[in-house]
Each structure stands twice: as structure tokens, then as C-alpha cells.
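All remarks here apply to the structure that follows.
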Amino acid sequence: MTALALPALAPLPLLHLALGLALAGWTLLFLFRIVLTWYPSVDLTKGVMQLVGAPTEPLLVLTRRLIQPIGGVDVTPVVWVGLISLLRELLVGQQGLLTLALLRSQLTG
Numbered sequence: 031m032t033a034l035a036l037p038a039l040a041p042l043p044l045l046h047l048a049l050g051l052a053l054a055g056w057t058l059l060f061l062f063r064i065v066l067t068w069y070p071s072v073d074l075t076k077g078v079m080q081l082v083g084a085p086t087e088p089l090l091v092l093t094r095r096l097i098q099p100i101g102g103v104d105v106t107p108v109v110w111v112g113l114i115s116l117l118r119e120l121l122v123g124q125q126g127l128l129t130l131a132l133l134r135s136q137l138t139g
């Protein structure tokens, strides 16, 4: 039974690394968005700022429909930092699902 399970788990280390890096990158982009809210004159559709605006804006647009600005401040980037951090911890954190599966596959392999 173990011989059948090992080929299915072969891409697990790469998936673990890629997902961890992707979620960390998204967190960093949303942190940039939080800082950029202090500078309303910055245009996120031009130049280098597109690297921050393009991947985050679709999620923020959806979230803004549910969460209105509080005191004139857009809090949706903060919400996404929390959600992505939670997801990252649940999947690739120290006790995350993929981390535990990776450890189990290393012990059995």
C-alpha cells in the first residue's frame, strides 16, 4: 500500500514550497496596499505600481462590496492579510496540513 501512495506524494515538497511562497508573496502585496492607502495620490494602474495593484485589486473589489470603509479608511487589505495568513498557517505552517503530510511521507518513505 505504501508503494502506491509514494508516487502520488512525489510533488508534495514542491507544492509545499510553491504554496508557501505564493501565500507569502500575496501577504506582502497586501501589506504594500495597506501602506499605499496612506498615499491616495499613488496610481496603481501605472508603472511599477501595477505589480502591486493588478494581483490584489480583483480580490479587494469583491471584498469592498461586503465591507464598507470605516471612517473613510479602506480596511479590506487588512482583512485579506488576515485571511491569507490564516490560510498559510493552516496549509504550510508548522502544524499545517501540507506540512504534516510532507512529514508523514518522509517518515514512511
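The sequence shown begins at 31 in the numbering used here and counts up one residue at a time.
Virtual Cβ for every residue (Gly too), placed ideally from N, Cα, C.
Residue i versus residue j: straight-line alpha-carbon distance, rounded
{"i": "Gly-55", "j": "His-46", "result": "14 Å"}
{"i": "Arg-63", "j": "Ser-115", "result": "15 Å"}
{"i": "Val-91", "j": "Gln-136", "result": "41 Å"}
{"i": "Pro-88", "j": "Gly-123", "result": "26 Å"}
{"i": "Ile-100", "j": "Ala-48", "result": "35 Å"}
{"i": "Leu-113", "j": "Thr-86", "result": "13 Å"}
{"i": "Arg-134", "j": "Arg-95", "result": "42 Å"}
{"i": "Gln-125", "j": "Pro-70", "result": "39 Å"}
Chain-order list of residues whose beta-carbon lies under 6 Å from that of residue i (same chain, five-residue window excluded)
{"i": "Leu-66", "result": "Val-72"}
C-beta atoms of residue i and residue j nearer than 8 Å
{"i": "Val-105", "j": "Phe-60", "result": "no"}
{"i": "Leu-130", "j": "Leu-120", "result": "no"}
{"i": "Arg-118", "j": "Leu-53", "result": "yes"}
{"i": "Val-78", "j": "Ile-97", "result": "no"}
Beta-carbon separation (whole angstroms), residue i vs residue j, contact threshold 8 Å
{"i": "Pro-41", "j": "Leu-132", "result": "The Cβ separation is near 11 Å, so there is no contact."}
{"i": "Thr-93", "j": "Gly-83", "result": "With 8 Å as the limit, Thr-93 and Gly-83 do not qualify as a contact, their Cβ atoms being about 15 Å apart."}
Candidates the options, of which the one nearest residue i by Cα
{"i": "Leu-58", "options": "Pro-107, Gln-125 and Val-122", "result": "Pro-107"}
{"i": "Ala-102", "options": "Leu-89, Val-122, Leu-81 and Trp-68", "result": "Checking the sequence, you will find Gly at residue 102 rather than Ala. Among Leu-89, Val-122, Leu-81 and Trp-68, the Cα nearest to that of Gly-102 is on Trp-68."}
Own chain partners of residue i with C-beta closer than 8 Å, once the 5 adjacent residues on each side are dropped
{"i": "Gln-80", "result": "Leu-74"}
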